[in-house]
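Participant: Same order as they appear, the protein sequences are chains A and B. To convert, note that position 261 of the first sequence is 261 in the numbering used here; the numbers rise steadily by one, no gaps. The numbering used here runs 10000 ahead of the 1-based position in the second sequence. Every residue, glycine too, gets a C-beta built ideally from N, C-alpha and C. Note that the structure is a prediction, hence the values are computed from the model and not measured. Just dropping this structure here.
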Amino acid sequence: MTKMRTNLSGPPPQGEGNSRMTSFLTRRILVVALALVTLGAGAHADHIVLTDGTRVEASSVSFKRQRKTYTVVDPETGAAKPFPAKRVADVRAKRPALFTQAIKLVKEKKFSEAIPILNQVVEKYAGLRWDVYAGKMLMEIHSAQGQAAEVIIVYDSVTRYSRPEWVAQEMTRWYLDALIKTGQTAKIKRRIADMLKSDHRPTLAMARLLNGDLLASEGKLKDALIDGYLRTIILYRGVANVQPEALSKAMKALENLGDSRADRMRQMLLDKYPDSEYARKIK
Amino acid sequence: MLMAAAITLILTSGNGTGYAATMARLTLNCVRNVAVFCVAGFLMAPTAGYGDASIERELEYIRGLNELGFGDYASIVLESVRGKHDGDVVARAELTILISQGKFDEANALVAKRPNKNSQSTWAMRLQIADGHYAWSRPHEMVRVYDTFIESFSKAVPENMREFVLNASYRYAQMLVALGQDKRAVAAMKTLLLSGPPKEVQRQIQIEMADLLVRMGEAAKGAERKALFARADEICKDIQWGGQDLWFGRSAVMMAHMRVVEGDRDGARKIIVGYLPMLKAIHQSLVAFAQEQGDDHVLSLTPVAECRYLLGKLHYEDAMDAFAAAEEEEDAQTARRLETKGEVHLIGKLITGTRRDKNAALYHLYNVFVKYPTTIWSAKSGQTANRIIDLLKERGREIKIEKIDMTEVIRAQFKEARAKLAQQDFKTAAEAYLATLALFPDSPVSVNSLADLAECYVELQDELYVELVIEYLADRFSTNPELSEKAGDAVARIARTYARLDYKQRADEVNAFFFSRFKSHPNVPRVVFRLGEDQFRNKVYDAALPYYERVRDEHAKSSVYLDALQRIAYCYSGLEQTKAAITAFKSYIELLDKQPPRQARITSMFKLAELYRGAGALNSAYNQYAGISKLLASSRQKYEASPDERAANQKILEGSMFWRARMVSLRTKAPKKIPKGVPGDRDWPRYYKLVAIKYYKEFVDAYPKSEIAPAALGQVGTLYTLLNKPVGAREALDRLQRDYPDTKEAKNALFILAKNLLELNQKKEAVAAFKQMFAGEKGRYSAGQIMEAGQYLFGVKDYETAQQAFERAIDLTEDARMTERLLLWIGKTLRAKEDYKGAIAAIEKMLALSPKSAYTVAAAFILARSFAEVAKDAGSDAEKKMNFDKSTKAIMRIFKYTKPSNKEVRARADLELADVQVLRGQTREALGSYMRIWLLRSSSNPQERPFKEAAFSKAVPMMLETERWLDAKDTCEEYLTEFAAGKYAAEARKWLGQASINITGGDEQEPDDEDEDEPVGAAAAGGGQ
């Protein structure tokens, strides 16, 4: 009887409006995809931009992985010219049909069908930025589904041939979270140590937050608070984009420690960042 | 003190030019921008910089942890600092913590230990303590330390300490200014100047000194004012001789202002016009600097803005004088001339056609507004310009110029204050808000700023000023149709700030204020609902209920109405008021029926079914379960809009099918209407069991993967057993063990069977099944399983059989820890059987076996009660005393082994102590103990609340018995406030009535001296907290 009650009588629902017709995940991916479609749909021809600012028009652009060179076909003469990757600051190539197909599947919430196609894009269009776009969608899907190992694999693939500035910050964040989840402590520690050398406050704040996540994953909740979450909250209060997450994680760590100060964190989150994703989850 | 000084500053500046307040603000701006010094305060820059950013960071972190209430974590960080840095740094960090906790004696003791009393680092620490005094509003202590400091260096300053002494002296001067001790501040600045600071610093100090003298002069009269202004004038000229810079500009403005204060407008005008070209050059330098730095904040310091504003203001005042004179004038022509003169001052002399001379109020003011938008003068100019336009309109003069939209201007003025608030620099933020609010108290932008200001005061723990702000918001805006909603939001926000900082009582008070002054605010229902949620989340249902009921009763049209009804139902359920819960759920479901379908209806129906079941209303429960099954079978999709809801409905469906079968199996009577064709003498109990079996089987066949499918098969086995159909029973149990081998049901088939029989009220059969377990061959059931059986029997109060189970389990085990647990259970069981001596023996055996047992506290509770009961029935006084003493000793043990943070156990122990005192006949002591629980335990803590309530129920009857009417009345009134829907509400009202009747007018009940006795035990041992 007791077991039944526990299973079925759970806490009451949180109130009205607790259903969503479209999953949060799908909506986000579609926003990204839409932005990319708009991007891709721009009427620019293929071209590359060199590091000195020169724009080189092309009828097609391809990338040779082994040699790390871009081959640009001149639209007028048809001649192919190679450019080493380190000279190339930006690449614009036609949107692959595969990518369009993948977006359609994501829209229809057919993630399991979309994944192999997105992986094909990552594979076939390495170095042409479409791998990064596809990789971002893949990482988001895998992150949402808790597939940390896949997140790492995709990130490693797309960063191998892409310039760092092409890789969205979110992707790096998912990657770092995946490292923590898969217990790749040495790698994440190195990364955090590098970030802590920066004098860029948002990077420092993020490093502290990640440090907290790492310590929490090792079960060191108090350390996670002292060297991670509380540090972020107190010393980086001006870095607004990390505060809701830091407050939320501090709250959870304190709850797990049975510390009633968790309520204080909850109130701060609700008061200062009421519209944040983290506040909405606890309302 | 600082706030009072700031407010005094604002209030005494009057409505003239607001010079003092504005200059104070500008001074702060200058200070920050020149970035040489900063206003002192515990929370601001360090006294002696160690130059190492990482150390400063750690200190900032330590401070921050303390402020957030994590003093324990701050100590941990301090220890890590200790490991990495030298003694001075560590000492500073320790000081930081001590000062933040107000422990000044210990801070002083720390500094007293230092070997060199006059070194820079020692002085830095002494001044850190002085700054701490200032932050803690103890200015006399601060002044005492700083005076000693100034005295020590008044004659000579060692070269290596020059910068330190200058910084500290300047900071002291600034604090004196903030405290309104201007004369002292001037003296301190004089000392500063004598010590030979660098040139740029000297000029800043000079201008600030002149500022102070001007302010003092404004407040003075006659010869005193003259003397002060003369000194200020002298300083200004000295500055001007030193070069053309920001201070030069300030000095020129100051000289003009002094003329204005003395009523010499022409003199002021002459100075401004004379200096204007030079001030414009200074302005250009500021522009270049701002561009270079990429920060236009410094442009707010331009002297040109104030000068142009002053010119405009002078013209305005001249105009007003002319208009006033015109009204007094009897001669019409002269009057007309005066009117024209006034207009010329406002809009300029007509030169040709429509062209006018630009030397007029409106021109100057617009100029300032447009060209110098970041300055305070921009806002003031805008205000005055609008006033002029209104005035001209009243006089029938149409001006082709738009009134200035002050919204953005005012918002810009608050920008700095907002920035400080975001940095949690509450002191500076409050000053900045106050200064700007004094200028713009009524604008829509100001409403939010008032809430920000209140937040600053809350953080600074200045209750008086919070009250002032809240009252102001209500008085000024609650009836303003455009701003009342905003003002109400602001007040509600202040309440939330208190709640966030854990000042629950204040939060409640501010919320009550919000409800009373902003009754029709659209957020009232949501706020009330949220307050209910705060209690509901902590499972304090009786405190949550009144909020939800208020939403139900007063806000039926609000968006949270339905949710409130649902919560009311859950509150009653949580309070185990089943009848009320059932009524509430029924009402809620009826209302839901009028809405579009939603999953909440299914969940509520299921909850209602559970309530019926718990109340023994089996037919009603059956109907609900059957109804849910039918509804989900026919139109399930309407009630699930997401995967989560689908999953929830699935679980409910499975549960409903299971329980429907169970309800049927419990039926024994024939239905009211026997279906056609059914014999009237049917064996109905048997029939129902067969129907139940059919239902269970249908369920398992439909949902074999359900978590409760094994339980259903267990029930089938049990029912077949009852029907004396061993084949069917065997088949069911075989299927259970074949298809669900790893489940508890499969592994404990006999146990499950016994349990099911108990739940079907077949106690005899159940006990037989249990005994079969105990009697079974050794090894068939482990000691743990038999112990579990015993626990189950204990739960259903079959103490005899439970005892047998535990004793059997002890025989089966050789594990010391298991034996320990079993002995504890035997002790519990014997106590429940009121075999107190037996209970004592079992527990003492347990403690002998394991003196440091993890169950010491639980054991102590049993011993405490058992010894007390034995004592009560003891023959001799000696034996009574001995056993009561043992009981008390056991309770002391509970306190010893329970952490102070474990409020529930300590509250329970307090109650136990009081109960033992009652048994002991120590009525007064017992009443003292109950009252201690009542007064010191918190009703908002869910762990302490039930004990507080229990203490109340015992204390008040004792008070009434001993005719302590006043105490009884007060206690009942408090109870009815804190436990409005509590268990003893009805009794409380009755007792209150009884006490009130017996209180005669004017006769205060004098407490007995005896009531002040120290209660026995807990207080002396430090327990009970």
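Scan the stretch 240 to 267 of chain A for residues whose Cβ lies nearer than 7 Å to a Cβ of chain B and list them as they occur along the chain.
Facilitator: Listed in sequence order: 261, 264 and 267.
Participant: Indicate whether at least one CB of chain A lies closer than 8 Å to the CB of residue 10496/B.
Facilitator: Stepping through the second sequence from its first residue, residue 10496/B is reached at position 496. Cβ-Cβ to chain A under 8 Å: yes for residue 10496/B.
Participant: Is residue 235/A close to chain B? Criterion is C-beta to C-beta, closer than 8 Å.
Facilitator: Numbered from 1 along the first sequence, position 235 holds the residue referred to as residue 235/A. Residue 235/A counts as touching chain B.
Participant: Just the C-alpha distance for residue 267/A and residue 202/A, rounded to the nearest angstrom, thanks.
Facilitator: Residue 267/A sits at position 267 when you count from the first residue of the first sequence. Residue 202/A sits at position 202 when you count from the first residue of the first sequence. Rounded to whole angstroms, residue 267/A to residue 202/A spans 24 Å at the Cα level.
Participant: Quick check on residue 10609/B - is its C-beta less than 8 Å from some C-beta in chain A?
Facilitator: Reading the second sequence from its first residue, position 609 is the one you call residue 10609/B. For residue 10609/B, the answer is no, since every Cβ of chain A falls outside 8 Å of its Cβ.
Participant: For residue 78/A, is the classification buried or exposed, using 16 other Cβ atoms within 10 angstroms of its Cβ as the cut-off for buried?
Facilitator: Position 78 of the first sequence, counting from 1, holds the residue named residue 78/A. Classification for residue 78/A: exposed.
Participant: For a contact meaning CB atoms closer than 9 Å, what does residue 225/A contact in chain B?
Facilitator: One-based indexing of the first sequence puts residue 225/A at position 225. Within chain B, the residues near residue 225/A are 10070 and 10073.
Participant: So who's on the other strand from residue 47/A, going by DSSP bridges?
Facilitator: Locating residue 47/A in the first sequence gives position 47, where the first residue counts as 1. DSSP, once it has assigned bridges, lists 57/A and 92/A as partnering residue 47/A.
Participant: Evaluate the contact criterion for the stretch 10976 to 10983 of chain B versus the stretch 10538 to 10549 of chain B: three or more CB pairs, one atom per stretch, below 8 Å.
Facilitator: Yes: the two stretches touch, three or more of their Cβ pairs being nearer than 8 Å.
Participant: Residue 229/A and residue 212/A - do their beta-carbons sit closer together than 8 Å?
Facilitator: Here the question's residue 212/A lines up with position 212 in the first sequence. Here the question's residue 229/A lines up with position 229 in the first sequence. Cβ atoms of residue 212/A and residue 229/A: closer than 8 Å.
Participant: Mind checking which residues open and close the alpha helix (DSSP H) that includes residue 10282/B?
Facilitator: For the purposes of this step, residue 10282/B is taken as residue 282 along the second sequence, with counting starting at 1. Run containing residue 10282/B: 10265 to 10293, per the alpha helix (DSSP H) assignment.
Participant: Is residue 35/A buried or exposed, if buried means 16 or more other CB atoms sit within 10 Å of its CB?
Facilitator: The residue given as residue 35/A occupies position 35 in the first sequence. For residue 35/A, the predicted model reports a pLDDT of 44, less than 50, meaning its position is unreliable; a value from the coordinates is still stated below. With fewer than 16 Cβ atoms within 10 Å of its Cβ, residue 35/A is classed as exposed.
Participant: When burial is assigned at 16 or more other CB atoms within 10 Å of the CB, is residue 275/A buried or exposed?
Facilitator: Residue 275/A sits at position 275 when you count from the first residue of the first sequence. Residue 275/A should be labelled exposed.
Participant: Could you tell me whether the stretch 10715 to 10723 of chain B touches the stretch 10687 to 10696 of chain B, where touching means 3 or more Cβ pairs closer than 8 Å?
Facilitator: Output reads yes: the stretch 10687 to 10696 of chain B touches the stretch 10715 to 10723 of chain B.
Participant: In chain B, which residues lie with their C-beta within 8 Å of the C-beta of residue 231/A?
Facilitator: Translated into the one-based positions of the first sequence, residue 231/A becomes position 231. Result: 10061.
Participant: Please compile the residues from chain A whose C-beta is within a distance smaller than 8 Å of the C-beta of residue 10502/B.
Facilitator: Indexing the second sequence from 1 puts residue 10502/B at position 502. The answer, in chain order, is 263 and 264.
Participant: In its own chain, which residues sit with a C-beta less than 8 Å from the C-beta of residue 10947/B, not counting the 5 before and 5 after it?
Facilitator: To locate residue 10947/B, count along the second sequence from 1; it is residue 947. So the list reads 10904, 10907, 10908, 10910, 10911, 10933 and 10937, once near-sequence residues are dropped.
Participant: Anything in the stretch 149 to 174 of chain A with a Cβ closer than 9 Å to a Cβ of chain B? List those residues in chain order, please.
Facilitator: From the stretch 149 to 174 of chain A, no residue has a Cβ closer than 9 Å to chain B.
Participant: What in chain A is Cβ-close to residue 10076/B, meaning under 7 Å?
Facilitator: Here residue 10076/B is taken as the residue at index 76 of the second sequence, counted from 1. Correct list: 226.
Participant: How is residue 10899/B classed by DSSP in three states: helix, strand or coil?
Facilitator: Locating residue 10899/B in the second sequence gives position 899, counting from the first residue. Correct three-state label for residue 10899/B: coil.
Participant: Does the CB of residue 10057/B have a neighbour CB from chain A at under 8 Å?
Facilitator: Against the second sequence, residue 10057/B aligns to sequence position 57. Yes, its Cβ sits closer than 8 Å to a Cβ of chain A.
Participant: How would you label residue 10511/B, buried or exposed, when you count the other beta carbons within 10 angstroms and need 16 or more for buried?
Facilitator: Position 511 of the second sequence holds residue 10511/B. Residue 10511/B comes out buried.
Participant: Quick one: any contact between the stretch 10260 to 10278 of chain B and the stretch 10300 to 10309 of chain B, if contact means 3 or more CB pairs under 8 Å?
Facilitator: Touching, yes, given that three or more Cβ pairs across the two stretches are closer than 8 Å.
Participant: Of the residues that make up the stretch 10259 to 10286 of chain B, which ones have a beta carbon closer than 8 Å to any beta carbon in chain A?
Facilitator: Result list empty, no residue passes.
Participant: Could you pull out every residue in the same chain whose Cβ sits closer than 6 Å to the Cβ of residue 124/A, ignoring the five residues on either side in sequence?
Facilitator: Taking the first sequence and counting its residues from 1, the one referred to as residue 124/A is at position 124. So the list is empty, once near-sequence residues are dropped.
Participant: Under 9 Å Cβ-Cβ, which residues of chain B neighbour residue 271/A?
Facilitator: Taking the first sequence and counting its residues from 1, one reaches residue 271/A at position 271. In chain order: 10493, 10496, 10497, 10499 and 10500.
Participant: Please work out which residues of its chain come closer than 6 Å, Cβ to Cβ, to residue 10026/B, disregarding the five sequence neighbours upstream and downstream, and give them in chain order.
Facilitator: As a working mapping, residue 10026/B is identified with position 26 in the second sequence. Its pLDDT being 42, under 50, residue 10026/B is placed unreliably by the model, and the measurement read from it follows with that caveat. Cβ neighbours of residue 10026/B beyond the five flanking positions: none.
Participant: Starting from the beta carbon of residue 238/A, find every residue of chain B whose beta carbon is closer than 9 Å, and list them in chain order.
Facilitator: By one-based count along the first sequence, residue 238/A stands at place 238. Those are 10422 and 10423, listed as they occur along chain B.
Participant: Would you mind working out which of 10879/B, 10899/B and 10872/B sits nearest residue 10918/B, comparing C-alpha positions?
Facilitator: In the second sequence, the residue the question calls residue 10918/B occupies position 918. For residue 10918/B, the nearest C-alpha among the options comes from 10872/B.
Participant: Whose Cβ in chain A lies nearer than 9 Å to the Cβ of residue 10713/B?
Facilitator: Taking the second sequence and counting its residues from 1, the one referred to as residue 10713/B is at position 713. Per Cβ cutoff of 9 Å: no residues; residue 10713/B is ~15 Å from chain A at best.
Participant: Taking the C-alpha atoms as reference points, what is the distance between residue 10826/B and residue 10863/B?
Facilitator: Sequence index remark: in the second sequence, residue 10826/B carries index 826 (1-based). Sequence index remark: in the second sequence, residue 10863/B carries index 863 (1-based). Going from the Cα of residue 10826/B to the Cα of residue 10863/B covers about 12 Å.
Participant: Using 8 Å for Cβ pairs, my map puts residue 10748/B next to residue 10785/B. What's the rounded Cβ distance?
Facilitator: Your numbering for residue 10748/B matches position 748 in the second sequence. Your numbering for residue 10785/B matches position 785 in the second sequence. Their Cβ separation, rounded to whole angstroms, is 6 Å, which keeps residue 10748/B and residue 10785/B in contact under 8 Å.
Participant: Please state whether DSSP places residue 73/A in a helix, a strand or coil.
Facilitator: In the first sequence, residue 73/A corresponds to position 73, counting from 1. Three-state DSSP puts residue 73/A in a strand.
Participant: Is it a yes or a no for the stretch 10511 to 10531 of chain B touching the stretch 10545 to 10558 of chain B, going by three-plus beta-carbon pairs under 8 Å?
Facilitator: Touching, yes.
Participant: Below 8 Å on the Cβ atoms is my guess for residue 10969/B versus residue 10929/B; work out the distance and round it to an integer in Å.
Facilitator: For the purposes of this step, residue 10969/B is taken as residue 969 along the second sequence, with counting starting at 1. For the purposes of this step, residue 10929/B is taken as residue 929 along the second sequence, with counting starting at 1. About 21 Å separates the two Cβ atoms, so there is no contact after all.
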